[in-house]
Amino acid sequence: MISTWLYRNPRILYLLLVFLAVAGFSSFYVSPRLEDPVLSRRVAVLTTPLPGADAKTVESLVSIPLEEGLEDIPEIEITRSISRNGVSSIVLELHDSVTEVDAVWSRVRNVLEDAEQSLPESALAPEFEVLELKAFAAIIGVRWTGGGELDLEPMRRVARDTVARLHDIPGTQKVKTYGDPGLEYLVEVKQDALSASGLTTKSLADQIEGFLARNAAGHLRQGETEIGLDLSKEITSATDLQQILVKPTRTGDPVKLEEIAEVNRQFIDPPDTLAYLHGERAISIGVFVRDDIRIDRWAAQMNRALRELDDQIPPEVTLEVVFSQTNFVDARLNSLLWNLGLGALAVAIVVFVMMGWRSALIVTTALPCSALLVLVGLRTLQIPIHQMSVTGLIIALGLLIDNAIVIVDEVRARIFAPMKPNQAVVDGIRHLGMPLFVSTLTTTLAFMPIAMLPGPSGEFVRTIAISVIIAINASFLLAITVIPAMTAHFYARTSRENAVHIGIRIEWLKRLFRGSLRFILNHPLIGIAISIILPIGGFFAANTLPEQFFPPSDRAQIHVEIELPVQSSIGATDKVAKRVRDFLAADERITDTQLYVGESAPTFYYNVVARHRATPFYAQAILEVDPGTEISSLVRDLQRQVLEEFPDTRVLIRQLEQGPPFDAPIEIQLTGSDLDRLRDLGRELRTVLSQTQHVVHTRSDLEETVPKMKLEFDDRELEALGYNRSQIAGILYTTLEGAQAGSVMEGGEDVPVRVRIDNADDFGPNELGSLELRSARPPVGGRSGGTTGPPTNSPEGGTPLAAIADFQLDADLGAITRLNGRRVNEVKAYLSAGVLPSEVLSEWQTRLNASGFTLPPGYALTYGGEAAERNQAVDLLLANAAILVALTLLAVMISFGSYRATFIIFAVGGLTIGLGPGALWLFGYPFGFMAIIGTMGLVGVAINDSIVVLAGIRDDRQAREGDPEAICDVVLHSTRHVLTTTFTTIAGFLPLIIGGGGFWPPLAITIAGGVGGATLLALYLVPAAYCLLQRKWR
């Protein structure tokens, strides 16, 4: 037996402890550190521009063909497409069961390459991006602080240098830039010159692109020498570009570009995106790092690189780190480690009071030893150190010493019997080895559904269970090897049975407890009835608890979403967003701001997903909050103020949430075929939602409309001119929006060249109507030299558009959403901070039923948002529960070899389920996902004491026969370590209950409160039930 061998060889015993310390601390030193678990990349976005097309055209020509191409990939669970004017955006989500996500995305890329062939020629190449569901490790800002007029050129140079330096740091995964407008060469064609030349913007762009082409021209080979041929001409400025020759189609004589156009090298205007830091224009740089590195070490290298670069940049430009995840990682881990230390101290005090200083010293040795083994296990499994894995240690804190308490109490009692220490170790392990193994196994099985939970919810909480499982199994190994040997050494030379050595003894309380035991053993039905009062009350209380998925985060940051009507330009959005930012920044509780216009902000928090790209009507701000501020109260105050100040703008002040991401707390999905009917139904739902308490904003996908100018052409006139509608659309698009004309290489950067008419920024219906089309047919007589006539308002001839088309101002849908191949109208509700979505949803459903709302045939209503995420996570959590319950019962059956004993343990486990919700009801917490996890873990933990008590009864011959007095003696003998394990479990959770914010208390209260109630079941229900069943059997 290993324990007796260690007892006989104390040097090896203590050398083993030193080895555990070295292995554990080295694992802690090298393991990656993050704030939160990393979620698998199960979400991707496919963006396909179709310039000039409306939403319905984009849907039919782009979204539907791509969706159909993706139907052959079974791993895709959700396909959500949004078709807007000029662009299709498709969000793909994989099934939660998919683990090899990279392989699936590789297949998706291959399918998209084939599906791309079915897209119209005018569609641009699809852009496929797999989203990183994690926060940037750092966000770096580049600002102009030189005074005077803003100069973006040096800012862009510094930003490019910064990006290069960041890529050079080992561990950098990806770098992304925000707020960089980008450069372009803009060729603005004079309309009269364009008309006189017979060119179109597209044909002119094609000539420029041909001149700028950098095509390979082969090599000259002479002997062993090869010389490459380069036909390109170096362009270094707008002046160089103006000097190139273009050939008008009318005259055929080449002219310089400057004769018909003006060329400017400029920043793209309007830009696709804008960024502001501390209220000033800036360029932001977000950096992702690999998951297998220590972020604190990477951050140190980043800071050194930025300091070196700061010495080389112009004094007018400021380079600064505006967000560093390592600060939050350090704060989070320090807080959790502090809780771990406080919990360990509380556990040590409890053991000292209950068992004496010698036992306390031995038992508390199991704490660091088990914790160090957990660190070794996490390193072996390649699990980073983050808040979930450390919290698993805290949860295990009160559980992992249960085995040590029981074995120390048993070996010590045998030594005091008296018995030789070596024999006490052998007999103690022989007596308790199987019960301790079964209790460890049942606890492991109880946490296995959490460890096996797939999908984002599982990835978020899984490491809690893994840490607990490693810890309790490590404690079992220590309890049957190291701990008995240490106990024998510590008590080998003492037989003093006083409070200092064996713990507190209160004789009157012992007599009272013995009397109560005798009563229930003589009246077991009354004992059982009394024992189940708390669990039954808990089951009734569970029905009154509100539901929740995950509670909000307590981080001192909030984010703001600003959305204007979909037809708004980025300039209009910029003005409103800055007004909103300045209004919010005036609150003394806001310490700093970041603002991003035209796209989502950099991902500063793992579940704030960047859902918007190139969206001119959207802006997002990040607000830093003064530490110590009550976040929910602040969010409610600011939301109320912005509703009054900006009634025409949708401004959402949002608190950070925990768990898997979702867009809105309440999402109602209406599916059907007819867009008008879907819009009307959504309007009814939205009306009821807006009347529901605590709803701040509502929105419906099909309520968004955009103005459009509808052109109805005379087909005969078009045919006479030699055009069809598609050609007209192409000509108008390139004339008004511009045509790409290649690019110019500048210092490693490709600067695009764009051709457009010179008055495109001030072009209304009158100007559109005066545009003239020249005939595209060859001249009479068939002579060569016929021209493709451009639009023109030159007096030299041509047909004005107004002569062949009727103009009508109309409105069209801003977006068409499809969910898994069906059109859908998503109605979303955003709530006041601190309000549970389940309560609002319940009230809305009541109001909806009272309104008489009915769905027509062929239409369906489903729920998304928090409700869908929660239900899916709970279903997955319970999927394996039945099998694991059966395995638990099998383990108990094998251990006891008795159906009656198995039935008693099963009854205790079932009743324990009611104790967790009862504790939540008492403390006023909702029944959320963390409480469900706590309840599942509670079942495995709570039956351990019952297993030990029942094992003691069955090991005593008289007690096994049902003798009440013998049963009473066995229960009294077990009471000290049963109470000690209960008090240590509760003490271990106290730091999480008191200082765990809103996230950890539900889980801690569920387990701690449940274990407290389960102690009564172990000490009263188990002996009473055994006595009753034994009598019935006899």
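In terms of our numbering, the sequence shown is residues 3 to 1036. The beta-carbon is built from N, C-alpha and C at its ideal position, and this holds for glycine as well. The structure presented is a predicted model; accordingly, all values stated were derived computationally and were not measured.
1) Start and end of the beta strand (DSSP E) containing Thr819?
2) Rounded to the nearest angstrom, what separates Ala616 and Gln729 at their Cα positions?
3) Of the choices Ile806, Asp665 and Tyr735, whose alpha-carbon is the least far from that of Arg718?
4) Secondary structure at Gly148, three-state DSSP: helix, strand or coil?
5) Please name the residue in Ala893, Thr890, Leu773 and Asn822 whose C-alpha comes closest to that of Leu196.
6) If contacts are defined as beta-carbon pairs under 8 Å, then Val93 and Arg111 qualify, I think. What distance do you get, rounded to the angstrom?
7) Could you tell me the distance, in whole angstroms, from the CA atom of Val562 to the CA atom of Ala621?
8) What does the alpha-carbon distance come out to for the pair Phe462 and Leu36?
9) With 16 other CB atoms within 10 Å as the buried threshold, where does Gly791 fall?
10) Give the straight-line distance between the Cα atoms of Ile474 and Arg296, rounded to the nearest whole angstrom.
11) Could you give the distance in angstroms between the alpha-carbon of Met454 and the alpha-carbon of Ser337?
12) Distance, Cα to Cα, Thr347 vs Arg507?
13) Can the beta-carbon of Gly732 be found closer than 8 Å to that of Arg756?
14) Here's a check: name, in chain order, each residue in its chain whose Cβ is nearer than 8 Å to the Cβ of Thr605, leaving out the five neighbours to either side.
15) Hey, out of Pro51, Val106, Leu96 and Glu131, whose CA is closest to Pro122's CA?
16) So Glu565 and Arg652 are in contact, right, with Cβ under 8 Å, and what is the actual spacing, rounded?
17) Could you give the DSSP three-state label for Gly783: helix, strand or coil?
18) Where do the N-terminal and C-terminal ends of the alpha helix (DSSP H) with Gln671 fall, by residue?
19) Considering only the alpha carbon of each residue, which of Ile969, Pro1004, Ala989 and Ala953 lies closest to Met436?
20) Would you call the stretch 67-81 in contact with the stretch 15-28, where contact means no fewer than 3 C-beta pairs closer than 8 Å?
21) State buried or exposed for Ala117, treating a residue as buried only when at least 16 other CB atoms are found within 10 Å of its CB.
22) Going by other Cβ atoms of all chains shown within 10 Å of its Cβ, with 16 needed for buried, is His388 buried or exposed?
23) Can you tell me which of Gly254, Lys258 and Val60 puts its alpha carbon nearest to the alpha carbon of Asp242?
24) Just grab the DSSP bridge partners of Asn266 for me.
25) What's the call for Ile2, buried or exposed, on a 16-neighbour Cβ count within 10 Å?
26) Closest to Asn405 by C-alpha separation, out of Arg381, Met390, Gly430 and Met421, would be which residue?
27) To the nearest angstrom, how far is the alpha carbon of Leu687 from that of Gly860?
28) Secondary structure at Thr700, three-state DSSP: helix, strand or coil?
29) Report the three-state DSSP secondary structure of Asn341 (helix, strand or coil).
30) Is Thr444 buried or exposed, if buried means 16 or more other CB atoms sit within 10 Å of its CB?
31) Can you check whether the CB of Gly939 is closer than 8 Å to the CB of Ala448?
32) So, for Pro1003: in the same chain, excluding its five sequence neighbours on each side, which residues have a beta-carbon less than 7 Å away from its beta-carbon?
33) What is the DSSP secondary structure of Lys577, reduced to helix, strand or coil?
34) Can you tell which of Glu549, Phe130, Arg159 and Glu151 has the C-alpha that lies nearest to the C-alpha of Val144?
35) Would the stretch 898-912 and the stretch 698-713 be scored as touching if the rule is three or more Cβ pairs under 8 Å?
36) Hey, quick one: how far does the alpha helix (DSSP H) through Met932 stretch, first residue to last?
Taking the geometry as given:
1) DSSP places Thr819 in the uninterrupted beta strand (DSSP E) bounded by Ala817 to Leu821.
2) Spanning the two alpha carbons is a distance of roughly 27 Å.
3) Minimum Cα distance to Arg718 is reached at Ile806.
4) When DSSP states are grouped into helix, strand and coil, Gly148 belongs to the coil group.
5) Answer by Cα proximity: Leu773.
6) Actually they are not in contact, since the Cβ atoms of Val93 and Arg111 sit about 16 Å apart, beyond 8 Å.
7) Using only the alpha carbons, I get a separation of about 8 Å.
8) Rounded to the nearest angstrom, the two C-alpha atoms are 13 Å apart.
9) A caution first: Gly791 carries a pLDDT of 48, below 50, which makes its placement in the model too unreliable to give a value.
10) Distance between the alpha carbons of Ile474 and Arg296: 27 Å.
11) One C-alpha to the other measures close to 28 Å.
12) The residue asked about is misnamed: residue 347 is Leu in this sequence, not Thr. Rounded to the nearest whole angstrom, the CA to CA distance from Leu347 to Arg507 is 22 Å.
13) Taking 8 Å as the Cβ cut-off, Gly732 and Arg756 do not qualify as a contacting pair.
14) Glu134, Lys136, Ala137, Phe138, Gly288, Val611 and Ala612, listed in sequence order.
15) Closest in C-alpha terms to Pro122, from the list Pro51, Val106, Leu96 and Glu131, comes Pro51.
16) That belief holds up - the Cβ atoms of Glu565 and Arg652 are roughly 4 Å apart, short of 8 Å.
17) Per-residue confidence for Gly783 stands at a pLDDT of 49, beneath the threshold of 50, marking its modelled position as unreliable; the derived number appears in the next sentence. Looking at Gly783 - three-state DSSP - the assignment turns out to be coil, as it is neither helix nor strand.
18) For Gln671, no alpha helix (DSSP H) encloses it; the enclosing beta strand (DSSP E) starts and ends at Ile668 to Gly674.
19) Nearest C-alpha to Met436: Ala953.
20) Contact between the stretch 67-81 and the stretch 15-28 is absent, with fewer than three C-beta pairs closer than 8 Å.
21) So Ala117 ends up on the buried side.
22) The residue in question, His388, is buried, as its Cβ has 16 or more Cβ neighbours within 10 Å.
23) Answer by Cα proximity: Lys258.
24) Answer is Leu188.
25) In the structure as shown, the chain begins at 3 and stops at 1036. Residue 2 is therefore absent and cannot be evaluated.
26) The shortest C-alpha to C-alpha distance from Asn405 to any of Arg381, Met390, Gly430 and Met421 is the one to Gly430.
27) Cα atoms of Leu687 and Gly860: separation of roughly 17 Å, rounded to the nearest angstrom.
28) DSSP places Thr700 in strand when its eight states are reduced to three.
29) DSSP, reduced to helix, strand and coil, places Asn341 within a helical segment of the structure shown.
30) Buried, since its Cβ has 16 or more Cβ neighbours within 10 Å.
31) Taking a C-beta distance under 8 Å as the contact criterion, Ala448 and Gly939 qualify as a contact pair.
32) Around Pro1003: Tyr927, Leu994 and Ile995.
33) If DSSP states are grouped into helix, strand and coil, Lys577 belongs with the helices.
34) The residue from Glu549, Phe130, Arg159 and Glu151 with its alpha-carbon nearest to that of Val144 is Arg159.
35) Between the stretch 898-912 and the stretch 698-713 there are fewer than three C-beta pairs closer than 8 Å, too few to call the two in contact.
36) Element bounds for Met932: Phe931 to Asp957.
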